Amino acid sequence: MATDVYEDSLFGQILPLDWDNETVAGVVLLVDGEEEFIVEPDENGESLIEYIDRWVTAEGVVVEDEDELRIKVRSYTLEDEIDYDTDEDW
Numbered sequence: 003m004a005t006d007v008y009e010d011s012l013f014g015q016i017l018p019l020d021w022d023n024e025t026v027a028g029v030v031l032l033v034d035g036e037e038e039f040i041v042e043p044d045e046n047g048e049s050l051i052e053y054i055d056r057w058v059t060a061e062g063v064v065v066e067d068e069d070e071l072r073i074k075v076r077s078y079t080l081e082d083e084i085d086y087d088t089d090e091d092w
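Quick note on numbering: the sequence shown equals residues 3 to 92 in the working numbering.
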């Protein structure tokens, strides 16, 4: 199978990939509850470690091959932020 490389915007939940003792060593973006995209550990990817269990929209370059799905995140938006000043349900 050939490797596919394309730009995309993915919505999903940030989950830990690996643990190094008590520290998260990498993250994945879980999309649709079934596809796990390994987040490349560059500056943007490493900053997502702070948002474990949060929902984000990540934009970047996706690499698909027969073994794994990966994303190099260019930018991301937190989708589960609560704005306490304007949220009337609060």
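Every residue, glycine too, gets a C-beta built ideally from N, C-alpha and C.
If you're wondering where the values come from, they're calculated on a predicted model, not measured in any experiment.
Answer yes or no: do G35 and V75 have a C-beta to C-beta separation smaller than 8 angstroms? With contacts defined as CB atoms closer than 8 angstroms, G35 and V75 fail to qualify as a contacting pair.
In angstroms with no decimal places, state the Cα-to-Cα distance between L12 and V41. Rounded to whole angstroms, L12 to V41 spans 12 angstroms at the Cα level.
Burial state of A60 (16 or more Cβ within 10 Å): Counting every other CB atom within 10 Å of its CB across the protein chains shown gives A60 a total of 16 or more, marking it as buried.
Of all the beta strand (DSSP E) runs that stay within the bounds of the segment 19-87, which reach a length of 3 or more residues? 25-33, 37-41, 57-66 and 71-80
Mark V7 as exposed unless 16 or more other C-beta atoms lie within 10 angstroms of its C-beta, in which case mark it buried. exposed
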